[in-house]
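Residue numbers for the sequence shown follow this note's numbering, beginning at 15 and rising by one.
Working notes, structure below.
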Amino acid sequence: MSEVEQQVLTWVASRQDAMVSMLEYITNTNSGSLNKDGLDTLREFFAEELRALEFTTQTLPGRVIEMPHCPGSDLSLDLADHLLATRNGAGTAVLLMGHMDTVFPPDSPFQQFNMTDGVMTGPGVYDMKGGLVAMLFALRGLQEYGLLDDHNVSVLLNSDEEMGSLSSRPYLEEQALRHDYGLVFEGSTGNNMIRQRKGLGQARLVVHGRASHAGSAHQNGRSAIRELAYKIIEFENMTDYESGLTVNVGIVGGGEARNMVAPCAEAFIDLRYPRPDQGEAAQQQFETIARTQFSVPQQSDELRSDLWINLHRPPKIPTAASDRLLQRTVAIGTLLGEQIGVADSGGGTDGSLTQAVGLPTLDSLGVIGSGAHSQREQAALDSLVQVTSRIAILLHRLLTEQ
């Protein structure tokens, strides 16, 4: 470590209480993916923090994503705006990425930050508000010693990662083409760096049938629920553990009354796949299942299906450049007295998007914890200083190409 790097590490080590205070505030600010007020509050908070670090900030507009739906269950997604902050300079350009949204809506019982015996709990402490705090304090530490001066650093914080980055994907891909390295601050389980990830897709299927009295005119109905049930089996049977492809029908709804043949039914479906060609083939199979009728002996215009499908995350496939970035990070961890592991994951991040367009990206630089997407979500207090130190040294060396 150089003398100035040692100074940065000393500065970071003295800021744990301030990190916890910031994490408590942003954790207690609900930012469920569809809570635009909460996300607007966080976006302005981060914008102020980054402006204080001499970044220029701008708001990137979100948008409404329309999906097919049964009457009364409109699932159109009104996605909040995103934040881009930039510092212009010479040399290597690094893109820092993170998401402000969580999976916990305002009516979730899991709302508050708590800390007991060195374990922090709360919505987003691990996924990924802890990582955002670490990112900000790494930038603060470098700024304290003039190490951001005349360097190219951008920060892109989106509001819809948990929804698949459906409105922010073009911004991520555009910025990826303008930078040399990408860093994402998703949490780490067991202090592992993630090398490879599956691709992700999501689909919304709506089946429209014909309503009828369930007793006196049952034969005149065309049950959307029955048809959807056949299709669900077809979707689920696509899962092939040997090839790594999985399909999960995660949400199902439909019907209007017990004594009515259901006129509409719907399902929300998750798709995971290791290779791009598997995703493309699965999309074609989804479309075939959607247009095939299973519950009637022949094609009937009294049954129809509407399918919306989006392959929103390509697989993250390692490259020589991304492996070098990972190994540099592991080496820095060794200098700091850490033992960093390497693993693969079935979960998705925005790093998959940026790497797919050619940006070497490391996407597991956040705090160490577990329990993402559950009320068991937690992060280790001592990992705040640990990962912030690692981020600061890595970013400094990337910017100066040491």
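Backbone N, C-alpha and C define an ideal beta-carbon position, used for all residues, glycine too.
request  = Starting from the C-beta of Thr135, find all residues in its chain whose C-beta is less than 7 Å away, skip the five residues before and the five after it, and write them out in chain order.
outcome  = Asn128, Glu391, Gln392
ask   = When you compare each of Ala386, Arg183, Leu109, Lys143 to Glu75 by their alpha carbons, which one comes out closest?
value = Note on identity: in this sequence residue 75 is Pro, with Glu being the wrong assignment. It is Arg183 whose Cα lies nearest to the Cα of Pro75.
inquiry  = I'd like the list of long-range same chain contacts for Val167, defined as Cβ closer than 6 Å, with 5 residues on each side in sequence excluded.
reply    = Arg101, Val108
task = Go ahead and label Glu188 buried or exposed: buried means 16 or more other beta carbons lie within 10 angstroms of its beta carbon, across all protein chains shown.
result = exposed
message = Gly258 and Asp164 - do their beta-carbons sit closer together than 7 Å?
response = no
ask   = Between Tyr244, Met177, Gly360, Val169, which lies nearest to Ala217 when the distance is taken from Cα to Cα?
value = Met177
task = Measure the CB-CB distance between Arg224 and Glu316 and report whether it falls below 7 Å.
result = yes
query = Whose C-beta lies closer than 6 Å to the C-beta of Gly264 among residues of the same chain, with five residues either side of it excluded?
reply = Phe282, Asp284
inquiry  = Quick check on the DSSP output: the alpha helix (DSSP H) that includes Phe249 runs from which residue to which?
reply    = 238-250
ask   = Going along the chain, which residues of its own chain have a beta-carbon closer than 7 Å to the beta-carbon of Gly229, five neighbours each way excluded?
value = Asn273
Under 7 Å between C-beta atoms of Leu349 and Gln30 = no
Helix, strand or coil at His222 [DSSP, three-state] = strand
inquiry  = Assuming contact is defined by CB atoms lying nearer than 7 Å, are Leu214 and Arg327 in contact in what I supplied?
reply    = yes
query = Using the C-alpha atoms, what's the distance from Arg240 back to Asp115?
reply = 36 Å
ask   = Which residues mark the beginning and the end of the alpha helix (DSSP H) in which Ser168 is found?
value = Per DSSP, Ser168 belongs to no alpha helix (DSSP H); it is in the beta strand (DSSP E), 165-172.
request  = Take the Cβ of Leu161 as the centre, count every other Cβ of all protein chains shown within 10 Å, and call the residue buried at 16 or more, exposed below.
outcome  = buried
task = Following the continuous alpha helix (DSSP H) through Val356, name the residue where it begins and the one where it ends.
result = First-last for Val356: 355-359, but that is the beta strand (DSSP E), not the alpha helix (DSSP H).
query = Does the Cβ of Glu256 have 16 or more other Cβ atoms within 10 Å, making it buried, or fewer, making it exposed?
reply = exposed
key: Same chain, Cβ closer than 8 Å to Arg10, five either side skipped, listed in chain order   = The question about residue 10 has no answer here: the residues shown for the chain are numbered 15 through 416.
query = Quick one: Cα of Arg342 to Cα of Leu408, how far?
reply = 8 Å
key: Residue closest to Thr130, alpha-carbon to alpha-carbon, out of Lys212, Leu395, Phe249   = Leu395
key: Residue span of the beta strand (DSSP E) that contains Val108, given as start and end   = 104-113
Run of the beta strand (DSSP E) containing Tyr195, from where it starts to where it stops = 195-198
inquiry  = Between which residues of its own chain and Ser87 is the CB-CB distance below 8 Å, once the five residues before and five after are set aside?
reply    = Gly267, Glu280
ask   = Assuming Gly362 contacts Arg211 under a Cβ cut-off of 8 Å, what Cβ separation, rounded to an integer in Å, is found between them?
value = 6 Å
query = Where Leu412 and Arg338 are concerned, what is the direct C-alpha to C-alpha distance, given to the nearest angstrom?
reply = 12 Å
inquiry  = Since Gly360 and Arg286 should fall inside the 8 Å C-beta cutoff, what is the C-beta to C-beta distance between them, to a whole number of angstroms?
reply    = 6 Å
message = Looking at Leu325: is its Cβ nearer than 7 Å to the Cβ of Gly293?
response = yes
key: Alpha-carbon to alpha-carbon, Leu53 and Ser47   = 8 Å
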